[in-house]
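Just so you know, the sequence shown maps onto residues 36 to 291 in the working numbering.
Read the structure below first, then the notes.
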Amino acid sequence: MNTMVNPAKEISGVVVVLLVDYLTQHRAWGWMRLVQGAVALKDVPGLLFIKVMGSGHGGGFGLRPSGSHQGLICLFEDQRKASDFCDGELVRGIICHAREHWLGMLSVTSARGHWDQQAWGVTPDSCLSTAIAYHELEVASEPVAVLTRGAIRPAKALAFWRYSPAAQEQLSKSSGCQLAMGLGEAPLLRQCTFSLWTDTESMQAYAHSGAHKQAIGAVYKNDYFAESMFVRMHVLFMSGQWQGKSYDQALEVHHG
């Protein structure tokens, strides 16, 4: 489920991503959050867009669902609202029930496509409490986050999934990929990937080579997606531990 403004207009703001692997004793609690979906967050101040999603086994991209991995993707009006949400009781409650989690606040540096007929725009400077020169981010040697999603045409789902295993294996082994998780709104048909890269060059090397390049070529050639979106983001803040690795980056603050 999602919350959004007028779908005829492009929306822009600050993105919050929360990835979670629930403790075994709290999996039922986590599934209730998934079932409730966006309804439980509809009154959060400044929220423009929300998705509560499940994941594949082990947080991967396969057809077998995970009993413990979930993801939350939100778009907020500005960084202050996003920060308040990250520090709020709802997020803290989720983290308290988790074995591991990754929490990030991000600004959009480029976006194309649609999600539920809604386009995302580059995060305006006016939304930020940070000083960022967007023209410099494309070559910056710093973490780059990528969000991709696609609504697969039902008649073409089997054909699409034939390409998936090789591309997923390549992603997990790609140099510079710090973190990657497969997410889904609905089994088989509405898929999403979130990944974190050491730098832009590493991300582009994966995107334009091997199995992934072949899979993307097949997607466009055969019109597998009814709708898709690709978003590149700059990390304003991140924290947590994922697959045994710690991710801690202090919040960027504008002093100018």
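Glycine included, each C-beta is placed from N, C-alpha and C at the ideal position.
- For the options Arg-197, Ser-145 and Asp-56, the alpha carbon positioned closest to that of Gln-249 is the one of Arg-197.
- In the DSSP assignment, Lys-256 falls outside any beta strand (DSSP E) and lies within the alpha helix (DSSP H) extending over 245-257.
- Membership of Ala-133 in the beta strand (DSSP E) is indicated by the continuous run 133-148.
- For Tyr-241, the enclosing alpha helix (DSSP H) begins and ends at 235-242.
- Distance from the CA atom of Gly-93 to the CA atom of Val-270, rounded to whole angstroms, is 24 Å.
- Following the DSSP letters along the chain, one finds Trp-196 inside the alpha helix (DSSP H) bounded by residues 192-196.
- Around the beta carbon of Ser-47, 16 or more other beta carbons lie within 10 angstroms, which makes this residue buried.
- In this structure, the CA atom of Ser-210 is about 18 Å from the CA atom of Gly-95.
- Classified as exposed, Ser-244 has fewer than 16 neighbouring CB atoms from the shown chains inside 10 Å of its CB.
- Assignment of beta-bridge partners to Glu-262 by DSSP yields Ala-186.
- Runs of beta strand (DSSP E) with 3 or more residues, each lying fully within the segment 69-136, are found at 82-91 and 100-111, listed in chain order.
- Put simply, of Phe-272, Gln-60 and Gly-279 the residue whose alpha carbon is nearest the alpha carbon of Pro-178 is Phe-272.
- In the structure shown, the three-state DSSP call for Thr-228 is strand.
- By the neighbour-count definition (other C-beta atoms within 10 Å, threshold 16), Cys-109 is a buried residue.
- The C-beta of Tyr-259 has 16 or more other C-beta atoms within 10 Å across all chains shown, which makes the residue buried.
- A distance below 6 Å between beta-carbons, with the five flanking residues on each side excluded, links Gly-275 to the following residues of its chain, in chain order: His-136, Trp-137, Leu-138 and Tyr-282.
- Straight across, the Cα-Cα distance linking His-104 with Gly-91 is about 8 Å.
- No Cβ-Cβ contact shorter than 8 Å links Val-51 with Cys-131.
- The beta carbon of Leu-218 sits closer than 6 Å to those of Met-88, Ser-90, Gly-106 and Cys-227, all from its chain and outside the five residues before and after it, given in chain order.
- As computed with DSSP, Asp-56 is found in a beta bridge with His-104 and Glu-135.
- DSSP places Gln-278 outside both helix and strand once states are collapsed to three, so it counts as coil.
- Its chain contains His-132 as the residues whose beta carbon lies nearer than 6 Å to that of Trp-64, once the 5 sequence neighbours on both sides are disregarded; these appear in chain order.
- Taken through DSSP and simplified to helix, strand or coil, Gln-203 comes out as helix.
- Rounded to whole angstroms, the separation of the alpha carbons of Val-55 and Gln-278 is 11 Å.
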